[in-house]
Amino acid sequence: MPVELLDPSIEAGADQEFLYTLNFGPQHPATHTTLRLILTLDGETIVKAVPDIGYLHSGFEKLGEDLDFNQYVTIVDRMNYISPVANEVAWMTAVEKLLDLEVTPRCKYIRVILAELARISDHLLCVGAAALDLGGLTAFLYAFNAREGIYNIIEQASGQRFHPSFLRVGGLMSDVTPEWVKLIRDFTVSFPQAHADIARLLNRNKIFLDRTRGIGMLTRDEAIARSVTGPLARAAGVVRDLRKDEPYLAYGELANSFQVACAAEGDCLARYLVRMEEMIQSMNIIQAAVENLPAGPVNINVGEKFTIPDKQSTYRSIEGLIQHFELFMWNRRFETPVNEVYGANETANGELGFYVVSSGTGVPWRCRTRPPSFIHFAVFPHLMEGHQISDVPAILGSLNIIAAELDR
Amino acid sequence: MTDFIALLKPTFGDILKREVFRDNVRLIVPADAVKPVLKSLKEQHGFDMLVDIAGIDYLEYPGATDRYGVVYAILNIKTGERLFVKTHVNDPEPALKSVVDLWTGADWLEREVYDMYGVVFEGHPDLRRILMPEGCESFPLRKDYPLRGYGERHNFPLLTRAEG
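Respectively, the protein sequence lines represent chains A and B. Position 264 of the first sequence, counting from 1, maps to 264 under the working numbering, and the rest follow consecutively. Position 122 of the second sequence, counting from 1, maps to 1122 under the working numbering, and the rest follow consecutively.
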């Protein structure tokens, strides 16, 4: 950060020497992760906020140019680590668009269920942490208790709780079991209670309302001009949801089971309410999807040379063994078209897209991420101007910035 | 999908090319015309949202003639149409006109392309590095930059408690 940005006298005029600078983060508990803000203050009012990011930059996109399409799944997991499976689904949407693959109906439904669970998990964390930063510890505990159920479901399917790496090109790591379906049915019963508990604690809580209503206003035009998507845009009156507008996977078939939650106010409270309503709608999608879960294989036909053969055929048949080697030898892998494609999904934070450039090999030439957190954090200084310093946690909490996705 | 080549032809002549791959429609535009084309698409054809700006290094890419590609993904909120406006720039001084005055959201996106590829956006209000530290001298997503870097990580100047 250059010195002139830290010096408030240049920006605000040398006659305003009473302005002072406050360094917020990168190790502040209310920033949750490594975010840094340089705030110029007039008393307690924020005159200017300059975000300084990059503390968590770990070169994910550079790594993507060295790993193949299946290996990079482990890296996209770690972008938005609050809802990792949703990142995998978005990555596979782009890759399968590049390869022109259509996954099986069962795989589509399972991916939808996982993506919606990830959305609930993400919104629970955002709502819980927003309440925590404003002093409501109990809502946070209710939210985290409910998130445990989601981790159990993901663990049952993939064997890992946080970073499942469950998706593969053309399918999944493995099929799900009847126990997994039962876990989801249990979750659909227990989750609405937890949701109602949080709503009862916060929806009419005077402290919470006073600290979020009218704070961090974003108008519809500004949201569009600043590339804002997801719950932030919908809370500002932009009626757009990729699940409805560009249906992917099984969302077209499930379109009757959910509605898009929108609000017109554009403040922190509207964002909270939109997220709360989206959780209910996600629950409806999960219920509809799990009751209509098609039978059949989860992977596309092995003959298409994209999917990893199961262990049984790898060890017991020469074709399976050959294909296993073909996919895992670093100088073989599958062939791809020499072209580039953009694929995007509606994840919990907004439009998560991948611009994949391929040079014909099994390793992407370039895998640009369109990170919603990065774009939303760029809006933050604008939202912050003129507010009090105690509004920083309220606004930051409502944006749900995940630093690993912000810096990649 | 509207044929934007036909719509833009009266103003820009034959400089535009159209490519379609899967559901993506791309307009290939020369570097000096990219801003007028984007301005026209925004103001006359309703592309009111800039979704993303992606930088790509085509060094040794099969069949590539230019070094860098910059792709503007734009969206018409009303109709849901997407368009990818792509342009190419070359060494030694890759430069484009900034579109921050068209879309405020381009601010950080252009900074990231500059940070990673060294493509300069003329007219950008605050073109600094964004993800890499201020003193960094290379552009890490260029293809001639090695995956493990030039040893920056191991030679990072550490501040001891006594010095700090």
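We put the beta carbon where it would ideally sit given N, CA and C, even for glycine. Since we're looking at a predicted model, the values are computed, not measured.
Worksheet item: For T219 of chain A, does the count of other Cβ atoms within 10 angstroms reach 16, so buried, or fall short, so exposed?
Response: With fewer than 16 Cβ atoms within 10 Å of its Cβ, T219 of chain A is classed as exposed.
Discussion item. With DSSP as the reference, identify every bridge partner of R370 of chain A, one or two as the case may be.
Written reply: A:G353
Item to complete: Verify the CB distance criterion: does T1104 of chain B have a CB-CB separation below 8 Å to chain A?
Response: yes
Worksheet item: Ordered along the chain, which non-local residues of its own chain (more than five positions away) have a Cβ less than 7 Å from that of R161 of chain A?
Response: So the list reads Y151, I154, E155, once near-sequence residues are dropped.
Discussion item. List, from N- to C-terminal side, the alpha helix (DSSP H) runs of 4 residues or more that fit wholly inside the segment 291-364 of chain A.
Written reply: 311-316, 318-328
Fill in: C-beta neighbour in chain A for I1130 of chain B, strict 8 Å
yes
Fill in: Given 8 Å, three or more beta-carbon pairs between the segment 305-322 of chain A and the segment 266-279 of chain A
Contact check between the segment 305-322 of chain A and the segment 266-279 of chain A: fewer than three CB pairs, one atom from each, fall below 8 Å, which does not count as touching.
Item to complete: Give the interface partners of G1080 of chain B over in chain A, defined as CB-CB distance under 9 Å, in chain order.
Response: Within chain A, the residues near G1080 of chain B are R240, D245, E246.
Worksheet entry | E1043 of chain B, DSSP secondary structure in three states | helix
Discussion item. Let me see if you follow: with CB-CB separation under 8 Å, is L1008 of chain B close to chain A or not?
Written reply: no
Item to complete: Taking 8 Å as the threshold, find out whether the segment 282-291 of chain A comes into contact with the segment 106-120 of chain A through three or more Cβ pairs.
Response: At 8 Å Cβ cutoff, the stretches touch.
Worksheet item: Which first and last residues belong to the beta strand (DSSP E) in which L201 of chain A is found?
Response: Run containing L201 of chain A: none in the beta strand (DSSP E); it sits in the alpha helix (DSSP H), 178-202.
Discussion item. Could you compute how far the alpha carbon of R1148 of chain B sits from the alpha carbon of N203 of chain A?
Written reply: 50 Å
Discussion item. So that I know if they touch, is there some Cβ in chain B lying closer than 8 Å to that of R368 of chain A?
Written reply: yes
Discussion item. Report the CB separation of P371 of chain A from L98 of chain A in whole angstroms; it is logged as a contact under 8 Å.
Written reply: Wrong, their Cβ atoms sit about 19 Å apart, outside the cutoff.
Fill in: I224 of chain A: contacting residues in chain B (beta-carbon distance under 8 Å)
D1048, M1049, I1077
Practice prompt. Could you tell me which of A:L35, A:G353, A:V239, A:Y355 sits nearest to A263 of chain A, measuring between CA atoms?
Written response: Considering only alpha carbons, the answer is A:V239.
Worksheet item: Of the residues A:M384, A:A403, A:R366, which one's Cα is nearest the Cα of Y72 of chain A?
Response: A:R366
Practice prompt. Please check if any C-beta of chain B sits within less than 8 Å of the C-beta of A49 of chain A.
Written response: no
Worksheet item: Which residues, taken in chain order from the segment 134-149 of chain A, show a beta carbon closer than 8 Å to some beta carbon of chain B?
Response: none
Practice prompt. Check whether the segment 1015-1028 of chain B touches the segment 1055-1063 of chain B, counting contact only when three or more Cβ pairs, one atom from each stretch, lie closer than 8 Å.
Written response: no
Practice prompt. Can you tell me which of A:G64, A:F191, A:P247, A:I46 puts its alpha carbon nearest to the alpha carbon of A143 of chain A?
Written response: A:F191
Fill in: Residue range of the alpha helix (DSSP H) that includes M79 of chain A
It is not in any alpha helix (DSSP H) - M79 of chain A carries neither H nor E in the DSSP assignment.
Discussion item. Along the segment 341-362 of chain A, where does the CB come closer than 9 Å to a CB of chain B? Name the residues.
Written reply: V341, Y342, G343, A344, E351, G353, Y355, V357, S359, G360
Worksheet item: Expressed to the nearest angstrom, what Euclidean distance is found between the alpha-carbon atoms of V1071 of chain B and V1085 of chain B?
Response: Each residue's Cα considered, the two are about 6 Å apart.
Worksheet entry | Beta carbon of A90 of chain A nearer than 8 Å to that of A344 of chain A | yes
Worksheet item: Under 8 Å, do T21 of chain A and Y55 of chain A count as touching if we go by C-beta distance?
Response: Not closer than 8 Å, so no.
Worksheet item: I75 of chain A and D407 of chain A: beta carbons closer than 8 Å?
Response: no
Practice prompt. Just mark D1023 of chain B as buried or exposed, buried being the case when its beta carbon has 16 or more other beta carbons within 10 Å.
Written response: exposed
Discussion item. Strictly below 9 Å CB to CB, what residues from chain A border I1056 of chain B?
Written reply: E340, Y355, V357, W365, R366, R368
Worksheet item: List, in order along the chain, the chain B residues whose C-beta lies closer than 7 Å to that of G59 of chain A?
Response: P1140
Discussion item. If the cut-off is 9 Å on Cβ atoms, which residues from the segment 1140-1154 of chain B count as contacting chain A, listed in chain order?
Written reply: P1140, L1141, K1143, Y1145, L1147, G1149
Worksheet item: With 16 as the cutoff for other CB atoms within 10 Å, does I1015 of chain B come out buried or exposed?
Response: So I1015 of chain B counts as exposed.
Fill in: Short Cβ contact (8 Å threshold) for I322 of chain A with G170 of chain A
Not closer than 8 Å, so no.
Worksheet item: Is the CB of N1024 of chain B under 8 Å away from at least one CB in chain A?
Response: yes
Worksheet item: Could you give the uninterrupted runs of the alpha helix (DSSP H) lying entirely in the segment 1042-1129 of chain B, keeping only those of 4 residues or more?
Response: Note on the segment 1042-1129 of chain B: whole alpha helix (DSSP H) runs with a minimum of 4 residues are 1106-1117, in chain order.
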